[in-house]
Amino acid sequence: MTSLHALILRFFGDDPLRSRLFSKGVADFGVKSTGFLALFAMNAVLARLMGLEAFGHFAFVSSALVVFAMMARQGMDSVVLRLVPGYVLKEEWGLLRGLLRWTFKRVFAGAVGLGLAIAVGLIVLRDTLPAGLFATAMWGAVILPILALSQQIQYVLRSRAWVVRAQIPDLVLRPLGVMAIVGVVWFCGFAIYGRDVMAITVAVSLVGLAMGAVWLRKSFPAPAHHAPLVFLAPEWRKVSTQLLFAAGANLLLMQIDILMLGIFQSTDQSGLYAIASRISAMAIFATVALASFGAPLVAELYSQKKMDDLASISKTMARVAFALLVPAVIVLVLFGKDILGLFGQVFVTAYYPLLILVGGQVLATCFGVSVTILTMTAHEKIAARVLVLSVVANIVLNAALIPLYGMVGAAVATALTLAFPVVRMSFIVRSRLGIDTTIF
54 MTSLHALILR FFGDDPLRSR LFSKGVADFG VKSTGFLALF AMNAVLARLM
104 GLEAFGHFAF VSSALVVFAM MARQGMDSVV LRLVPGYVLK EEWGLLRGLL
154 RWTFKRVFAG AVGLGLAIAV GLIVLRDTLP AGLFATAMWG AVILPILALS
204 QQIQYVLRSR AWVVRAQIPD LVLRPLGVMA IVGVVWFCGF AIYGRDVMAI
254 TVAVSLVGLA MGAVWLRKSF PAPAHHAPLV FLAPEWRKVS TQLLFAAGAN
304 LLLMQIDILM LGIFQSTDQS GLYAIASRIS AMAIFATVAL ASFGAPLVAE
354 LYSQKKMDDL ASISKTMARV AFALLVPAVI VLVLFGKDIL GLFGQVFVTA
404 YYPLLILVGG QVLATCFGVS VTILTMTAHE KIAARVLVLS VVANIVLNAA
454 LIPLYGMVGA AVATALTLAF PVVRMSFIVR SRLGIDTTIF
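The number in the numbering used here is simply the position in the sequence shown, starting from 1, with 53 added.
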């Protein structure tokens, strides 16, 4: 890691901005790579040990939790990512403390309330649900507040450029911890069900939450811990609402297909397709990493009105993401069936949906990180409108195509509606900011 860091600094030595971006990104790239491998290994182990039905329950509930955790955060994650760098730069510690207090209270209250509502709904519908799905979902309601708080901490740490530590609890500790404990339970001769894995996830996530809380406190200087609280709740609420639609719609686009397959087909189909979806997501981990450690820099450059630097960074991020995507695509095209076979022979049926999803990501990557540029430059309203339109189109297309074509229909709907907002927002960024986000 150190030698790679030195190489990047040497390569970009005459460009301080790019050197800054990539020197911070080396470790982030490493932890994301480790995390994706850990998630891959965890899902492979779970699919093998649990069987398709139990794994389908777990995959369906996991996708639902992503959506519910996003709802519980209410856009507060993007608010801190947008505002914290500016408050720190200007040493507005009172506003910083007030923002953190306000956002964490709202996230916790929202997650607890939503978790209780989910539990009540599950109890009411218990007789209509498979027993395994009901038990798994009940544990999902328990873990929801833990996930929401942990993810909120992650975004605060990202705003402080602590991008590596921000991701360790969710991306590394959780999959490795769950996989290890599940392996021990299986080795002792016990059957593994969805409810068991979700209960184990609760325990591991509590450890991750504690780690994140310690790092959160260490990430700010002493004055930030003692300054008098200052609140701008109306302003923050307005920003959070706008950013919720932008960030939330983007998450929904990556989960609706799995959920609708479970509703229109079966949770078995959800389990098969979820693996294809997650493997395709691994192909664009470079784009995700660049957006992760690049977002605070984008917000900082925009706040300082350094538009030329912002344009340069946008182009660099797009080209690097595409260059790293190409080898991943080649591997998935040539060896996709073998990779899916690691989860069990039945998962090979998800090969063509996998290729379709990857095709949509190739198209989207050609147009760069336009979503990040818009949301970090006070254009979240426009981004939200485009993304909400994409979500509506995704739901309509999934509803039309899944009953006819199953997993292939879901993949087509998702590939089209994942690429559309990136392409559209690339044109908007060019017209509004004069910045070309494409690779060309």
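Where a beta carbon is used, it is the ideal one built from N, C-alpha and C, also for glycine. Remember, predicted model here, so these are calculated numbers, not experimental data.
For residue i, three-class secondary structure by DSSP
i, result
"Arg218", "helix"
"Glu433", "helix"
"Lys143", "coil"
"Gly193", "helix"
"Thr156", "helix"
"Pro273", "Reading off the sequence, residue 273 comes out as Phe, not Pro. In this structure, Phe273 counts as coil in the three-state DSSP scheme."
"Ile337", "coil"
"Pro281", "coil"
"Ser319", "coil"
"Leu457", "helix"
"Asp391", "helix"
"Ala117", "helix"
"Gly487", "coil"
"Val177", "helix"
"Gly412", "helix"
Sequence-distant residues of its chain with Cβ nearer than 8 Å to residue i (five each side left out)
i, result
"Gln322", "Gly109, Leu314, Gly315, Gly459 and Met460"
"Tyr140", "Trp146, Leu148, Leu149 and Leu152"
"Tyr355", "Leu363, Met429, Thr430 and Ala431"
"Ala452", "Met313 and Phe317"
"Ile245", "Leu99, Leu102, Met103, Ala107, Val235, Val238 and Trp239"
"Leu306", "Leu440, Ser443, Val444, Asn447, Thr467, Thr470, Leu471 and Pro474"
"Leu175", "Leu182, Phe187, Ala190, Met191 and Ala194"
Alpha carbon of residue i to alpha carbon of residue j, nearest angstrom
i, j, result
"Ala342", "Thr425", "12 Å"
"Phe65", "Thr369", "Bear in mind that a pLDDT of 45 at Phe65, under 50, signals an unreliable position, so the number given afterwards is only what the model happens to contain. Distance between the alpha carbons of Phe65 and Thr369 is about 12 Å."
"Thr55", "Ala162", "Any answer about Thr55 is weak, because its pLDDT of 48 lies below 50 and its placement is not dependable; what the coordinates show is given next. Cα to Cα, the separation comes out at about 42 Å."
"Leu167", "Ser293", "18 Å"
"Ala334", "Ser115", "15 Å"
"Val216", "Ile337", "17 Å"
"Leu229", "Leu262", "15 Å"
"Phe349", "Ser212", "The sequence given here has Pro at residue 349, not Phe. So the alpha carbons of these two residues sit roughly 6 Å apart."
"Thr156", "Ala256", "24 Å"
"Met95", "Met124", "26 Å"
"Leu437", "Gly128", "Position check: residue 437 holds Ala in this sequence, whereas Leu was assumed. So the alpha carbons of these two residues sit roughly 11 Å apart."
"Val267", "Ile206", "10 Å"
"Phe82", "Val379", "16 Å"
"Phe388", "Arg372", "25 Å"
"Gln204", "Leu136", "17 Å"
"Arg331", "His278", "39 Å"
"Tyr404", "Lys390", "6 Å"
"Asp312", "Phe113", "In the sequence as displayed, the identity of residue 312 is Leu instead of Asp. Answer to the nearest angstrom: the Cα atoms are 6 Å apart."
"Phe420", "Ala472", "9 Å"
"Ile435", "Arg477", "11 Å"
"Thr470", "Thr402", "23 Å"
"Ala483", "Thr491", "Reading off the sequence, residue 483 comes out as Arg, not Ala. Arg483 and Thr491: Cα-Cα distance of roughly 10 Å."
"Phe493", "Thr189", "47 Å"
"Arg126", "Glu288", "17 Å"
"Thr254", "Val231", "6 Å"
"Ile392", "Leu385", "8 Å"
"Ala164", "Phe400", "34 Å"
Which listed residue (the options) has its alpha carbon closest to that of residue i
i, options, result
"Phe396", "Leu105, Leu385, Val84 and Leu269", "Leu105"
"Leu427", "Val401, Arg485 and Leu471", "Arg485"
"Trp239", "Tyr404, Leu99, Gln220 and Trp289", "Leu99"
"Cys241", "Gln398, Leu102, Thr430 and Thr87", "Leu102"
"Gly347", "Asp361, Lys359, Ser367 and Thr470", "Ser367"
"Ala172", "Ile328, Thr467, Leu118 and Gln357", "Leu118"
"Thr340", "Leu416, Ile435 and Tyr246", "Leu416"
"Lys143", "Leu450, Val382, Glu353 and Phe375", "Glu353"
"Glu433", "Ile481, Leu285, Pro281 and Met360", "Ile481"
"Gly412", "Ser423, Val422, Phe375 and Gly394", "Phe375"
beta-carbon residue i near the ligand ATP non-hydrogen atom, thresh 7 Å
i, result
"Phe121", "As far as ligands go, the structure on display features none, and thus does not contain the ligand ATP."
Own chain partners of residue i with C-beta closer than 7 Å, once the 5 adjacent residues on each side are dropped
i, result
"Ala464", "Pro406, Ile409 and Leu410"
"Thr87", "Val225"
"Val84", "Val217, Gln220, Ile221, Leu224 and Val225"
"Gln398", "none"
"Trp192", "Arg248, Met251, Ala252 and Val255"
Close-in-space but distant-in-sequence residues of the same chain around residue i (CB under 6 Å, 5 per side omitted)
i, result
"Met264", "Pro222"
"Leu92", "Pro228"
"Phe89", "Met335 and Phe338"
"Val120", "Gln308"
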